[in-house]
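Reading through the structure tokens given below for one structure.
Protein chains: 2
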Amino acid sequence: MHTGALIIRRDRPRGSGSDDRKLNPMAKSFVTSIDVAERAGVSRSAVSRTFTAGASVSPDVRQRVLKAAQELGYRVNRLAQTLNTSSSNLVGVVGANLSSPFIAKQLDMLSLGLLRRGQQCLLLNAADARSDIAPLIELIFEFRARAIVVLSGEPPASIVDECLANGVKLIVINRLMTRPDTDVILSDDILGARLAAERLLAARCRKVAVVCSGSLTPTQVRRATTFSDVVREHGGAVVRWSEGPTAYETGVAAAHALLADEQIDGAFCVTDLMALGFLDAARHDLQRSVPDDLSVIGFDDIPQSAWKAYDLTTVGQSFSVLTDAVLAALDHDDGEVSTQMVPVTLIERGTVHK
Amino acid sequence: MHTGALIIRRDRPRGSGSDDRKLNPMAKSFVTSIDVAERAGVSRSAVSRTFTAGASVSPDVRQRVLKAAQELGYRVNRLAQTLNTSSSNLVGVVGANLSSPFIAKQLDMLSLGLLRRGQQCLLLNAADARSDIAPLIELIFEFRARAIVVLSGEPPASIVDECLANGVKLIVINRLMTRPDTDVILSDDILGARLAAERLLAARCRKVAVVCSGSLTPTQVRRATTFSDVVREHGGAVVRWSEGPTAYETGVAAAHALLADEQIDGAFCVTDLMALGFLDAARHDLQRSVPDDLSVIGFDDIPQSAWKAYDLTTVGQSFSVLTDAVLAALDHDDGEVSTQMVPVTLIERGTVHK
DNA sequence: AACTCCGTTGCACACGTGTTCAATGTTGCA
DNA sequence: TGCAACATTGAACACGTGTGCAACGGAGTT
Chain A
1 MHTGALIIRR DRPRGSGSDD RKLNPMAKSF VTSIDVAERA GVSRSAVSRT
51 FTAGASVSPD VRQRVLKAAQ ELGYRVNRLA QTLNTSSSNL VGVVGANLSS
101 PFIAKQLDML SLGLLRRGQQ CLLLNAADAR SDIAPLIELI FEFRARAIVV
151 LSGEPPASIV DECLANGVKL IVINRLMTRP DTDVILSDDI LGARLAAERL
201 LAARCRKVAV VCSGSLTPTQ VRRATTFSDV VREHGGAVVR WSEGPTAYET
251 GVAAAHALLA DEQIDGAFCV TDLMALGFLD AARHDLQRSV PDDLSVIGFD
301 DIPQSAWKAY DLTTVGQSFS VLTDAVLAAL DHDDGEVSTQ MVPVTLIERG
351 TVHK
Chain B
355 MHTGALIIRR DRPRGSGSDD RKLNPMAKSF VTSIDVAERA GVSRSAVSRT
405 FTAGASVSPD VRQRVLKAAQ ELGYRVNRLA QTLNTSSSNL VGVVGANLSS
455 PFIAKQLDML SLGLLRRGQQ CLLLNAADAR SDIAPLIELI FEFRARAIVV
505 LSGEPPASIV DECLANGVKL IVINRLMTRP DTDVILSDDI LGARLAAERL
555 LAARCRKVAV VCSGSLTPTQ VRRATTFSDV VREHGGAVVR WSEGPTAYET
605 GVAAAHALLA DEQIDGAFCV TDLMALGFLD AARHDLQRSV PDDLSVIGFD
655 DIPQSAWKAY DLTTVGQSFS VLTDAVLAAL DHDDGEVSTQ MVPVTLIERG
705 TVHK
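The listed protein sequences correspond, in order, to chains A and B. Taking this note's numbering, the leading residue of the first sequence gets 1, the next gets one more, and so forth. Taking this note's numbering, the leading residue of the second sequence gets 355, the next gets one more, and so forth.
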């Protein structure tokens, strides 16, 4: 009879727990190094040194401290640690559409890589690709993160200045920054678009469609214009679509709108996700036969593109190379800046003729 | 000519920046409230009060402080703030396979919900669904997070004890905890499996397959056994598969292995992702006609299941309800524990006969 | 035996913030 | 005018940690 959603059942198992691990039963706070020091009968410094690599502690004291810490369940307070040493292990990650396959895969590998390097990932979800990410980055500042990775959206110039002033590394993926003082990681859009165009031309396509989303990110624009230029250079005709979000449904809508023109015999979707929607609509709604009747190429090589129902020919960028590039940028010394280009390959599958 | 991966181009734009915003040019650290206080000609307390809601500051001082803070680019240090007030806004999130659609969607909505509530998301990627998440949770302890959300894996009892002792809220999704002192959020697996079984029986399936992954999570086991029981009650035969990770490829492998038996006319895959692989292999590798020849039902209703190429009939759980349940659990008072059940619905699409 | 050197140890400070407490100035009322 | 009530302000403490510095003791060397 609730408003519509879920059944709730409540319990409260322990009325007044007599926890023998805690000496002072009221305190709900964490164990501190003072507690450990008292129990081990040493000074607090000794505790700190025990948990600091390369510090000078006698084996005897070390063992006593470790034993006491184990018994009390002591964990170093990273906040106090960071406050003191002012070297945080936090890396802020900003992204939108976290459930879209491309971003999700990036986030998956990035968070894993950070963890393996002993860095922690503070994740901030920019709801919309169009939304302003400045407040999110300022939030990351408040946590004194030493680096910020931007997966979606473009940080305004004021934010870049602030990063520079505070010594925060700013790493931007697939967003063209006009300023040279930011780490940038780019997929080789120019080459990828050229490969796609040449492949469609080789399949003897004469009139091709280019499908972009309405949020004209620099990456999408670069792919689309390069592709168009190459096709036109070789005497082909190009029709362009730029509406809607970067989503499956946009590909569907584009197919419905563009394939009314039956002369179109090829399509380059600047994102695999849109390519899959385009492909589905072409096959199931519009009875186009791919690749006999129509050739389709995507970009990104998301996992779903390899699924048997699609078998999409696409321009692939290696996720592991992309992630390695981000991690490499994190290692740069202060002031050192790089622009890294992620190479691309044409992955031949079954959606292009011949 | 590099080992294989990426082209690097290096610059170092600003040799010795004369930054007029910082008075002491060497200091690369963040602006503190002391800096702001000096500039505004007030005490540090006034600065703190200006940024504390409900504190007593005169309009004049407040304006001077805000102006100075703006000019200097001051951001409150959340680490020091948390250290002092010992009430952190951090929420630890542990999950594996972050790029699998189901987890990615959960993470997307959860991180967005947390952000909207003014809480921050500390993301820890448990590489493998099988890997031990205890060290990750201990890492979260070190950041003094007030709550931990576990999307994958099962926290050992010692961790649960530790959470209890330290007043950390532990929220577990779709993992059956035998202990009653943890917040648990479960999808209604029993009902879902029953709905799937009844639907296949109504389609006159006589011999059905159940597809699980090799990582026998409580959720998967509950779905599979309930389904098997119901089918057998009605005189149907059941064949079960339990191998491999929870992935598309597992569905493919299951189809190849199980569909050699041509009598099988129905399948329940306990996860949509596996269902899509099963479906693809059945159609494209084994020339089975779905739904005429074979009926398939999944579970979770991930976005891809609605794509035209699949149009998968599945048992759906609402992601927004799931997320709301997590956020609701975060609001519980200390010691209050709940078990929330997420309702499920059979979503009729095109992969079941009749 | 005296001295130097080195490993250990504890004290004290610093990190940046919120908040209590007493002091100060200001207003309102009798 | 005198006094109380009140808003505002700054000094001081606490949060939990890492580390420089001086003190200490034992071992090795002359």
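Where is the CB? At the ideal position from N, CA and C, for every residue including glycine. Computed from a predicted model, the values in this text were never measured in an experiment.
Contact check for A480/B against V448/B passes: the beta carbons are separated by less than 8 Å. Identification of residues in the segment 102-132 of chain A having a C-beta nearer than 7 Å to some C-beta of chain B yields A104, K105, L107, D108, S111, L112, L115, Q120, C121, L122, L123, L124, N125, A127, given in sequence order. One Cα belongs to S442/B, the other to S213/A, and the distance between them is close to 39 Å. Contact between the segment 675-687 of chain B and the segment 483-491 of chain B is absent: fewer than 3 CB-CB pairs across the two stretches fall below 8 Å. Residue-level contact by beta carbon holds for A80/A and chain B, with a gap shorter than 8 Å. Listed along the chain, the chain A residues whose CB falls inside 8 Å of the CB of Q658/B are Q304. When DSSP states are grouped into helix, strand and coil, V149/A belongs to the strand group. DSSP places I618/B in the coil class of the three-state scheme, outside both helix and strand. For the C-beta of E492/B, the chain A residues within less than 9 Å are, from N- to C-terminus, R75. A check of alpha carbon separations from I264/A across A209/A, D35/A, G335/A identifies A209/A as the nearest. Annotation: the segment 561-636 of chain B contains the following complete segments of the beta strand (DSSP E) (minimum length 3 residues), in chain order: 561-566, 591-596, 620-623. Taking a C-beta distance under 8 Å as the contact criterion, A394/B and R418/B qualify as a contact pair. By the C-beta criterion, the segment 147-163 of chain A is judged not to be in contact with the segment 267-274 of chain A, since fewer than 3 inter-stretch pairs fall below 8 Å. Of the other Cβ atoms in all chains shown, 16 or more fall within 10 Å of the Cβ of A46/A; this residue is therefore buried. Excluding the 5 residues flanking it on each side, Q120/A has same chain C-beta neighbours closer than 6 Å at N89, L90, in chain order.
In the DSSP assignment, D654/B falls within the beta strand (DSSP E) that extends over 649-654. A direct Cα-Cα distance of roughly 18 Å separates V696/B from P455/B. When DSSP states are grouped into helix, strand and coil, V401/B belongs to the helix group. Secondary structure of K523/B (DSSP, three-state): strand. Taking 8 Å as the cut-off between beta carbons, the residues of the segment 659-671 of chain B near chain A are W661, K662, A663, Y664, in sequence order. Assigned with DSSP and collapsed to three states, I494/B falls in helix. Chain order gives no chain B residues near H353/A, where near means a beta carbon separation below 7 Å; the closest approach is about 19 Å. L110/A and T323/A have their alpha carbons spaced roughly 6 Å apart.
Proximity of S383/B to chain A, defined by a Cβ-Cβ separation below 8 Å, is satisfied.
Note on D687/B: under 16 other CB atoms within 10 angstroms of its CB, so exposed under the neighbour-count rule. Under the DSSP assignment, I347/A falls in the beta strand (DSSP E) whose first and last residues are 344-347. Under the three-state reduction of DSSP output, V538/B falls in the strand class. Beta-bridge partners assigned by DSSP to Q474/B: L444/B.
Residues are counted here when their Cβ sits less than 8 Å from a Cβ of chain B; for the segment 265-277 of chain A these are L276, G277, given in chain order. Of the other Cβ atoms in all chains shown, fewer than 16 fall within 10 Å of the Cβ of E243/A; this residue is therefore exposed. Here L468/B has V445, C475 as same chain residues with Cβ atoms under 6 Å from its own Cβ, once five neighbours each way along the sequence are excluded.
Within chain A, no residue has its beta carbon less than 9 Å from that of R703/B; the closest one is some 13 Å off. When the beta-carbon positions are compared, V352/A and I302/A stay at least 8 Å from each other.
Inclusion of A608/B and F632/B in the CB contact set at 8 Å is warranted, their separation being smaller than that value.
Excluding residues up to 5 positions away in sequence, H353 lie with their Cβ nearer than 7 Å to the Cβ of D292/A in the same chain. With respect to chain A, the C-beta atom of A635/B has a partner C-beta closer than 8 Å.
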